[in-house]
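In our numbering, each residue's number is its place in the sequence shown (first place is 1) plus 939. Report on the structure given below.
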Amino acid sequence: MRLESTRIILLFILIPTKVYSFLVNTHKLSLLSYLRDKDADKVLLDVPTRTSNYNSVIPDRSSNVTRFSDDDLYLFDQDINLVLNNLRHGVDLTLPLNFRNYHTNLTYVNLWDNTMWKKHISATRHIRHLITFPRSRLLRKLLPSLSVFLIWSILTTFFGDIMHTTVDIRVPLTPLSLIGTFLSALLTLRTNQGLSRLIEGRLAWGQLVLVARDTAQIINSSIYEKDKKLALLAARHLSIFGWLTKARLREEDDEDVIHAMLPSSDANFVIAHLKKPVAIISRVRQIIHNCAERNIINIAIQQKLEDNLTELNRITAMCERLKLSPIPPLYTSHTSRLLVFFLFFLPPALNVADMKRTSTVLCALAVGYAMLGLDEISHQLEQPFRLMPMQQLSSAVTRDVADVFLLQPPPLHSTTDLSGSYVMNQPSYR
């Protein structure tokens, strides 16, 4: 009798386990095939780094010293255009696969405009969400787990009588509801922790864009007229600070951007550093100190620029902390075990409540989708730099710094009449 009971229990556990393993592998292959067939030219399947042969588009650096010794706004404009419209143009290959070429642009990986906001809060949003539910990223992510849970619910509901004759795993719904209350609190707390990490990461990048733009404006107004080459050298370093920070957080190859924007000596200096954003800060700090020694800038401006660079250092450290320190794994594993325990006993408990068998399966599936979905969302929020629109934010840093130098304000005259013949040329990267 005991041997027969053991066989039945193993059968009920082994079937969902095998199905889960099969669905996970099938789900990955189908997703990769879907992305490969949809846009093979834009999507890389496994390697997040860029494989473009940037040596074919970057100007010849064999005469790098001569080229950058004659640096001017025209060369700066051309290099900015190279980065924005060639090296870092198109699909962000460092995003997770399920966020590339998605059927809608209403995702957190994009910067939103007014049209997207209107669609997001429209009165028909609930209908749109129901229609697009089969294409939901969350549903695709949960498909293996939900399939196993559905099989378990069907087995315990329609064939539970066979198992209950040997081993009765039915529990009253009331005690299970108490466990569900604790589980809901744990999932909610974990989601809130993940959301706070996402907000902190987004605030850090917003501050990064602001400080880089502010630093470029001060350098342009205080240094550029007195030493154009040093000012442009600082601008070149600031313009790629966002790209190097993004590459640091997503382990992306960034040498193409470095070689495109910096002279050979500066490029080698930055590449030699493990933390390339910190190398950028060090180089700009050296430029500021040189200008202060030559009395190009006064103490007040030097102090302001030093404060900005310190803030960039702080932002870099904050991003590293969020990447390297997750929510305590013990909390995550405890929540996961409790979630599996709850879902394991949920279908038998609903079956005890004298519900119809079909209603029991559907109700259990809805609860499983809600809880598994909340758990998956909390895991995605926990890693903010996988979801943030860092490609667009890095482009914003580059454009802002370039605009400061390439779109010079009209000159101030000694008279009150400022209506001079002032012509502004549009940068090539627009």
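Ideal Cβ positions, reconstructed from N, Cα and C, are used throughout, including at glycine. Keep in mind the model is a prediction, meaning the values are calculated, not measured.
Looking only at 1342, 1332, 1287 and 1328, the smallest Cα-Cα distance to residue 1089 is reached by 1287. Residue environment for residue 1255: buried (at least 16 other C-beta atoms within 10 angstroms of its C-beta).
Between the alpha carbons of residue 1202 and residue 1087 lies a distance of about 57 angstroms. Rounded to whole angstroms, the separation of the alpha carbons of residue 1214 and residue 1369 is 31 angstroms.
Counting only the Cα atoms, residue 1146 lies some 15 angstroms from residue 1136. Exclusion of the five residues before and after residue 1229 leaves 1169 as the residues of its chain whose Cβ lies within less than 8 angstroms of its Cβ. Exclusion of the five residues before and after residue 1045 leaves 1055, 1058 and 1059 as the residues of its chain whose Cβ lies within less than 7 angstroms of its Cβ. The continuous alpha helix (DSSP H) containing residue 1148 extends over residues 1112 to 1161. Residue environment for residue 1013: exposed (fewer than 16 other C-beta atoms within 10 angstroms of its C-beta). Residue 1367 is a Cβ neighbour of residue 1016, given a cutoff of 7 angstroms. As the crow flies, the alpha-carbon of residue 1061 is around 18 angstroms from that of residue 1047.
Taking all protein chains shown into account, residue 1253 has fewer than 16 neighbouring C-beta atoms within 10 Å of its C-beta and is therefore exposed.
By the CB criterion at 7 angstroms, residue 1296 and residue 1097 fall inside the cutoff. The shortest C-alpha to C-alpha distance from residue 1151 to any of 1344, 1206 and 1351 is the one to 1344. The three-state reading of DSSP puts residue 1215 in helix, counting H, G and I together.
It is roughly 12 angstroms from the alpha-carbon of residue 1129 to the alpha-carbon of residue 1272.
In this structure, residue 1183 lies away from residue 1274, with their beta-carbon atoms at least 7 angstroms apart.
Shortest Cα-Cα distance from residue 1210 to any of 1171, 1186 and 1174 involves 1186. The C-beta separation of residue 1208 from residue 1218 comes to about 6 angstroms, placing the pair in contact by the 8 angstroms criterion. Residue nearest to residue 1093 within the set 1284, 1317, 1028 and 1300 is 1300 (criterion: CA-CA distance).
Here the C-alpha atom of residue 1027 lies approximately 13 angstroms from the C-alpha atom of residue 1338. Residue 1365 holds the alpha-carbon nearest to the alpha-carbon of residue 1341 among 1349, 1365 and 1329. Between residue 1336 and residue 1181, the C-beta spacing is below 7 angstroms. Distance from the Cα of residue 1231 is smallest, within the candidate group 1241, 1142 and 1223, for 1241. Excluding five sequence positions before and after residue 1144, the CB atoms of its chain that fall closer than 6 angstroms to its own CB belong to 1332, given in chain order. For residue 1080, the enclosing alpha helix (DSSP H) stretches over residues 1076 to 1097. The alpha-carbon of residue 1227 is positioned some 8 angstroms away from that of residue 1244. Per DSSP, residue 1068 is one residue of the alpha helix (DSSP H) stretching across 1064 to 1070.
Contact annotation: residue 1321 and residue 1265 have beta-carbon atoms nearer than 7 angstroms. Contact check for residue 1235 against residue 1162 passes: the beta carbons are separated by less than 7 angstroms.
The beta carbon of residue 1304 is closer than 8 angstroms to those of 1085, 1088, 1089 and 1092 in its chain, skipping five residues each way along the sequence. Assigned with DSSP and collapsed to three states, residue 1264 falls in coil, not helix or strand.
Contact check for residue 1118 against residue 1283 fails: the beta carbons are separated by 7 angstroms or more. Within 10 angstroms of the beta-carbon of residue 1029 lie fewer than 16 other beta-carbons, which makes it exposed.
Leaving aside the five residues that flank residue 1313 on each side, the residues in its chain whose CB is nearer than 7 angstroms to its CB run, in chain order, 1126 and 1130.
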